[in-house]
Structures are given as C-alpha cells and as structure tokens.
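A short worksheet on the structure shown next.
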Amino acid sequence: MNSEKFASILGAIVAAVVLVIAFLYGPIGKPPNPGQKVESAAQPTAPPPPAARGPVVREVPQ
Numbered sequence: 024m025n026s027e028k029f030a031s032i033l034g035a036i037v038a039a040v041v042l043v044i045a046f047l048y049g050p051i052g053k054p055p056n057p058g059q060k061v062e063s064a065a066q067p068t069a070p071p072p073p074a075a076r077g078p079v080v081r082e083v084p085q
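Residue numbers for the sequence shown follow the numbering used here, beginning at 24 and rising by one.
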C-alpha cells in the first residue's frame, strides 16, 4: 500500500469522525422558541449630568 492510498483512507476516516461529531453536538431542526419576555415597570431615569467643559483660555497681559 503506497502512502497516497494510506493518506486518502486516513483522510476519509477523519472526515467521517468530524461529521459524526458535528451531528451529535450540532443543533438539528428548529431552535427552541424563547420564553415570553417580561417587561419591567418603567422606572424614571435621572437626567444625565451636564457635559464636562474644557479649560478656559484667557489672554495674559504683557
């Protein structure tokens, strides 16, 4: 048996194992529907703080 034949057989075995693992662990069919969402009571939010102001540049007398 030459090395190319051995490599092709080994590659087929590895591919078959990968496909079997993918079918075992992968989702088959439709994903489950999420439960109904519960809306929380609307809480009043505080107004955001004022934006930070940059440094004040004043002219220096000479």
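In this text, a Cβ means the ideal position worked out from N, Cα and C, and glycines have one as well. The structure presented is a predicted model; accordingly, all values stated were derived computationally and were not measured.
| Query | Result |
| --- | --- |
| Local conformation of K28 per DSSP, three classes | helix |
| Reduced DSSP category for A69 - H, G, I as helix; E, B as strand; rest coil | coil |
| Under the three-state DSSP convention, the category A75 falls into | coil |
| Backbone secondary structure at V43 - three-state DSSP | helix |
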